[in-house]
Amino acid sequence: MCGVGFAKDRAAAENGSFASLSRIFVAHVASVSQDFMGAYSATGAKSLEVQSSEVLTKVGNEKVFSRVEPKEVWQD
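Sequential numbering from 0 applies to the sequence shown in numbering that gives the first Met the number 0.
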């Protein structure tokens, strides 16, 4: 695989090349949300209102880079 990055300084160019490689892989995002609202009352008692909200998000990808390093650096 080959990633190419262009920038005025080397660090930014290397980051750009890593970013171009990362576009190859698939990311998964799953999100679930649940809302609940209720009102309760008993005879002769104050009413009670309940509200809750829950959001779960799971993010993952298919490949994690390890030991990635630039093999060639060209400079104009």
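Glycine residues also receive a C-beta, built at the ideal position from the N, C-alpha and C atoms.
Predicted model, so just to flag it, every value in this text is computed and none were measured.
Handout entry: Pairwise C-alpha distance: Ser16 and Glu68
Key = 10 Å
Exercise for the section: Find the nearest neighbour of Lys62 within the set Asn14, Ser51, Phe24 and Arg9, judged by alpha-carbon distance. Expected result: Phe24
Exercise for the section: Check Glu13 in the structure and name its three-state DSSP category. Expected result: helix
Practice task
Tell me where the beta strand (DSSP E) around Ser52 begins and ends.
Solution key: Leu47 to Asn60
Handout entry: Nearest-angstrom Cα separation, counted from Val58 out to Val39
Key = First, the amino acid is wrong: residue 39 is Tyr here, not Val. Computed Cα separation, rounded: 37 Å.
Exercise for the section: Would you identify the three-state DSSP class for Ala18, choosing helix, strand or coil? Expected result: helix
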